[in-house]
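Data block below; observations after.
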Amino acid sequence: MLIAIFALFYFIAILPQRRREKQHRQMVESIKRGDVVVTIGGVVGKVIDVRKDTLKIKSANVTELEVRKASIAGVVSRGSQEVSGQENSTEES
């Protein structure tokens, strides 16, 4: 009985979280110069430089910020095209 409860918990809680983490990691790894991103703090900016663990984004055409890749919530657009689906939706917890 205990094993069945653990298996149910695994399929309901742990497995979906791993999928979300994998999708987020793939989304962050695919960010390139020119993409428009939004951070978990709500800052929207255009990527002007991509480094190993950080991105440099330009917000409001005057402010340059260096943010950690882990703080990216989603990609608003890739270059000049809109992104649809999972990549630009932010997960509300």
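Mapping the sequence shown onto our numbering, position 33 (from 1) lands on 33, and the numbers just tick up by one. Every residue, glycine too, gets a C-beta built ideally from N, C-alpha and C.
Per DSSP, reduced to three states, the secondary structure at ALA60 is coil, with no helix or strand assignment. Within the same chain, Cβ atoms closer than 7 Å to the Cβ of ASP53 are found at ARG68 and LYS69, the five residues on either side in sequence being excluded.
Here the region 57-65 lies against the region 38-46, with 3 or more beta-carbon pairs under 8 Å apart. Classified as exposed, MET1 has fewer than 16 neighbouring CB atoms from the shown chains inside 10 Å of its CB. Nearest neighbour of ALA73 by Cα position, chosen from ILE3, HIS24 and ILE5, turns out to be HIS24. For ALA13, no beta strand (DSSP E) segment is defined, and its DSSP state is neither H nor E.
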